[in-house]
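To start, the structure itself, in structure tokens.
In this note's numbering, the protein residues as written are 2 to 368.
Below you can see the structure in the form of structure tokens.
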């Protein structure tokens, strides 16, 4: 979900040269015997607040109101999300963990058996590291030399990963957006093969056009022979999907309501979360779970930073999230349309979740 925050930071070629010179000279920070951090671009608190303000204004001014799901992840939201992954109904995390535990060794052997020289294991987004640790353990057991390279726009997220990993693996965190991080690796680690991870079905937060644009952008900054491991949640009975996004303990409800609390705290709004209910439903037309906050009564909410009041009619909704689901064919098509070759597919025992391995072909084979 966090991937939506990332932007292409540098477009002008001359600025890019100056930018990377500055990074090389000043951005490298030692964080322990086996860990280091390269800072390409950090979140700027004021810039982030202004983007938040504009997105809130745009979303709540529409006839069909919405708030972008990217803003779920403040400190409280991140903690709530970790609790969601621990709920019985939320099968996604457990299914992918099963795949990596049961199939990780086979995956590593098929990709890196006979590999000479070290590789970069590049993770797009710094999660809690639990699933990643499983995969890194399989690489170590197979005696594959590697450096783990998480990329995240949040320096705090990178530092948390370093803390969680300790000195278990050689780690080089990159603070910046995904594209800038991959481009930096192209220029500063040219001899290493990249194994890029995008786990957890984060791709499901994009719409169809957005997912294809994102994947093509990632493809452009990978080299022939590089591999991409992507997690996707598969379509299934809505009776399984809906509880995963509306758990019995109310953690997902609190996760969504925290959006309103964040608007209150950062933009000076006066939302009363107790006057909203949370609803999750599966939309079969778009193939996605959707999350909504619904006003229980007529409300007028004032947002101080916008100097504006927002009116909500009784039972008017605020759309908070799409989480798209896929068929195996959908996933294969996304990969091939982006330019990749499908190299492997791994399912959990219930067939709920798919981890796919895609490979960047040689230029000759892609012509």
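All C-beta atoms in this analysis are idealised placements derived from N, C-alpha and C, irrespective of residue type, glycine included.
Exercise for the section: Pick out whichever of 272, 156, 144 and 107 has its Cα sitting closest to the Cα of residue 175. Expected result: Residue numbering aside, residue 175 sits at position 174 when the chain shown is read from its first letter. Distances from the alpha-carbon of residue 175 to those of 272, 156, 144 and 107 put 156 closest.
Problem - Buried or exposed (CB count within 10 angstroms, at least 16 for buried), residue 277 - result: On the chain shown, residue 277 is found 276 positions in, with the first residue counted as 1. With 16 or more other Cβ atoms within 10 Å, it is buried.
Exercise for the section: Answer yes or no: do residue 297 and residue 314 have a C-beta to C-beta separation smaller than 8 angstroms? Expected result: Reading the chain shown from its first residue, position 296 is the one you call residue 297. Reading the chain shown from its first residue, position 313 is the one you call residue 314. No; because the gap between Cβ atoms is not below 8 angstroms, this pair is not in contact.
Handout entry: 6 angstroms CB neighbourhood of residue 322 in its chain, flanking five on each side removed
Key = Within the chain shown, residue 322 is the residue found at index 321, counting from 1. Excluding residues up to 5 positions away in sequence, 70 and 292 lie with their Cβ nearer than 6 angstroms to the Cβ of residue 322 in the same chain.
Exercise for the section: Tell me whether the beta-carbon of residue 57 lies closer than 8 angstroms to the beta-carbon of residue 264. Expected result: Numbered from 1 along the chain shown, position 56 holds the residue referred to as residue 57. Numbered from 1 along the chain shown, position 263 holds the residue referred to as residue 264. Yes, the Cβ-Cβ distance between residue 57 and residue 264 is below 8 angstroms.
Handout entry: Residue ranges of each alpha helix (DSSP H) within the stretch 245 to 291, 4 or longer
Key = Those alpha helix (DSSP H) runs which fall completely within the stretch 245 to 291 and span 4+ residues are 252 to 268.
Practice task
Count the other CB atoms, across all protein chains shown, that sit within 10 Å of the CB of residue 80; report buried if there are 16 or more and exposed otherwise.
Solution key: By one-based count along the chain shown, residue 80 stands at place 79. Residue 80 is exposed by the Cβ-count criterion.
Practice task
Can you tell me which of the three DSSP states residue 179 falls into?
Solution key: In the chain shown, the residue the question calls residue 179 occupies position 178. In the three-state reduction of the DSSP assignment, residue 179 falls in the helix class.
Practice task
For the stretch 180 to 187 and the stretch 207 to 214, state whether three or more C-beta atom pairs, one from each stretch, are separated by less than 8 angstroms.
Solution key: No, the stretch 180 to 187 does not touch the stretch 207 to 214.
Practice task
Please confirm whether residue 162 and residue 123 have their CB atoms less than 8 angstroms apart.
Solution key: As a working mapping, residue 162 is identified with position 161 in the chain shown. As a working mapping, residue 123 is identified with position 122 in the chain shown. Taking 8 angstroms as the Cβ cut-off, residue 162 and residue 123 do not qualify as a contacting pair.
Practice task
Counting only the same chain and skipping the five closest in sequence on each side, list residues whose C-beta sits under 7 angstroms from that of residue 289.
Solution key: Here residue 289 refers to the residue found at position 288 when the chain shown is read from its first residue. Excluding positions up to five away in sequence, the list reads 323, 324, 325 and 326.
Handout entry: residue 39 (DSSP reduced to helix, strand or coil)
Key = What you label residue 39 is simply residue 38 of the chain shown in a count that begins at 1. Of the three classes helix, strand and coil, the one that applies to residue 39 here is strand, per DSSP.
Exercise for the section: Quick one: give me the first and last residue of the beta strand (DSSP E) that residue 397 is part of. Expected result: As shown, the chain starts at 2 and ends at 368. That puts residue 397 outside it, with no answer to give.
Handout entry: Beta-carbon gap between residue 119 and residue 225 smaller than 8 angstroms
Key = Within the chain shown, residue 119 is the residue found at index 118, counting from 1. Within the chain shown, residue 225 is the residue found at index 224, counting from 1. Cβ distance not < 8 angstroms, so residue 119 and residue 225 don't count as in contact.
Handout entry: Assumed close pair residue 91, residue 248 - CB separation to whole angstroms, cut-off 8 angstroms
Key = Translated into positions along the chain shown, residue 91 becomes position 90. Translated into positions along the chain shown, residue 248 becomes position 247. The Cβ separation is near 6 angstroms, so the contact holds.
Practice task
Going by CA-CA distance only, name the one from 72, 61, 38 and 63 that's closest to residue 49.
Solution key: The count along the chain shown starts at 1 and reaches residue 49 at position 48. Checking every option, the nearest Cα to that of residue 49 belongs to 72.
Handout entry: Proximity below 8 angstroms, CB of residue 340 to CB of residue 357
Key = The residue labelled residue 340 in the question sits at position 339 within the chain shown. The residue labelled residue 357 in the question sits at position 356 within the chain shown. For residue 340 and residue 357, no; Cβs fall outside 8 angstroms.
Problem - alpha helix (DSSP H) segment containing residue 57, residue limits - result: Counted from its first residue, the chain shown places residue 57 at position 56. It spans 46 to 62 - the alpha helix (DSSP H) in which residue 57 sits, taken as one unbroken run.
Exercise for the section: Return helix, strand or coil for residue 334, following the three-state DSSP convention. Expected result: Your numbering for residue 334 matches position 333 in the chain shown. Three-state result, residue 334: helix.
Practice task
Measuring alpha carbon to alpha carbon, tell me which of 154, 105 and 152 ends up nearest residue 134.
Solution key: Position 133 of the chain shown, counting from 1, holds the residue named residue 134. Closest option to residue 134, judged by alpha-carbon separation, among 154, 105 and 152: 105.
Practice task
With a 10 Å radius around its C-beta and 16 neighbouring C-beta atoms as the bar for buried, classify residue 109 as buried or exposed.
Solution key: In the chain shown, counting from the first residue as 1, residue 109 sits at position 108. Its Cβ being crowded by 16 or more others within 10 Å, residue 109 is buried.
Problem - Simplified DSSP assignment, three categories, for residue 296 - result: For the purposes of this step, residue 296 is taken as residue 295 along the chain shown, with counting starting at 1. Residue 296: strand per DSSP, three-state reduction.
Problem - Cβ separation of residue 272 and residue 302, assumed to be a contact under 8 angstroms, to the nearest whole Å - result: Looking up residue 272 in the chain shown gives position 271. Looking up residue 302 in the chain shown gives position 301. Contact between residue 272 and residue 302 holds, with the beta-carbon distance rounding to 5 angstroms and staying under 8 angstroms.
Practice task
Would you list the one or two residues that DSSP bridges to residue 319?
Solution key: Here the question's residue 319 lines up with position 318 in the chain shown. In the DSSP assignment, the residues bridged to residue 319 are 294.
Practice task
Tell me whether the beta-carbon of residue 93 lies closer than 8 angstroms to the beta-carbon of residue 190.
Solution key: Counting from one through the chain shown, the residue named residue 93 turns up at place 92. Counting from one through the chain shown, the residue named residue 190 turns up at place 189. With respect to residue 190, residue 93 sits apart: the two C-beta atoms are not nearer than 8 angstroms.
Problem - residue 22 versus residue 107: straight-line alpha-carbon distance, rounded - result: In the chain shown, the residue the question calls residue 22 occupies position 21. In the chain shown, the residue the question calls residue 107 occupies position 106. Because residue 22 carries a pLDDT of 33, less than 50, the predicted location of this residue cannot be relied on, and the following value inherits that uncertainty. Rounded to whole angstroms, the separation of the alpha carbons of residue 107 and residue 22 is 40 angstroms.
Practice task
Going by DSSP, name the residue or residues bridged to residue 360.
Solution key: Within the chain shown, residue 360 is the residue found at index 359, counting from 1. 228 and 342, per the DSSP bridge assignment.
Practice task
My understanding is that residue 1 touches residue 139, with C-beta atoms under 8 angstroms, so please give their C-beta distance in whole angstroms.
Solution key: Because the chain here runs from 2 to 368, residue 1 falls outside it and cannot be looked at.
Problem - Range covered by the alpha helix (DSSP H) that runs through residue 82 - result: Counting from 1 along the chain shown, the entry for residue 82 is found at position 81. 76 to 86 is the span of the alpha helix (DSSP H), which, as asked, contains residue 82.
Handout entry: CA-to-CA distance, residue 227 to residue 242, given in whole angstroms
Key = For the purposes of this step, residue 242 is taken as residue 241 along the chain shown, with counting starting at 1. For the purposes of this step, residue 227 is taken as residue 226 along the chain shown, with counting starting at 1. Going by C-alpha positions, residue 242 is about 33 angstroms away from residue 227.
Practice task
Indicate whether residue 198 and residue 230 have their beta-carbon atoms separated by less than 8 angstroms.
Solution key: In the chain shown, the residue the question calls residue 198 occupies position 197. In the chain shown, the residue the question calls residue 230 occupies position 229. Yes.
Practice task
Would you kindly work out how many angstroms separate the C-alpha atoms of residue 33 and residue 148, rounded to a whole number?
Solution key: On the chain shown, residue 33 is found 32 positions in, with the first residue counted as 1. On the chain shown, residue 148 is found 147 positions in, with the first residue counted as 1. Reliability fails at residue 33, whose pLDDT of 47 lies under 50, so the model's placement of it is uncertain and the value that follows must be treated cautiously. Rounded to whole angstroms, the separation of the alpha carbons of residue 148 and residue 33 is 14 angstroms.
Handout entry: Same chain, Cβ closer than 6 angstroms to residue 136, neighbours up to 5 away in sequence not counted
Key = The sequence position of residue 136 within the chain shown is 135, counting from 1. So the list reads 101 and 105, once near-sequence residues are dropped.
Practice task
Measure the beta-carbon distance from residue 36 to residue 172 and round it to whole angstroms, keeping in mind my assumption that it falls under 8 angstroms.
Solution key: The count along the chain shown starts at 1 and reaches residue 36 at position 35. The count along the chain shown starts at 1 and reaches residue 172 at position 171. A Cβ-Cβ separation of about 4 angstroms places residue 36 in contact with residue 172 under the 8 angstroms criterion.
Exercise for the section: Drop a sphere of 10 angstroms on the beta-carbon of residue 61, count the other beta-carbons inside from all chains shown, and report buried for 16 or more, exposed for fewer. Expected result: Working through the chain shown from its first residue, we reach residue 61 at position 60. Sixteen is the threshold: when 16 or more other Cβ atoms of the shown chains lie within 10 Å of the Cβ of residue 61, as they do, the residue is buried.
Practice task
Assign residue 189 to one of three DSSP states: helix, strand, or coil.
Solution key: Translated into positions along the chain shown, residue 189 becomes position 188. Here residue 189 sits in helix by DSSP.
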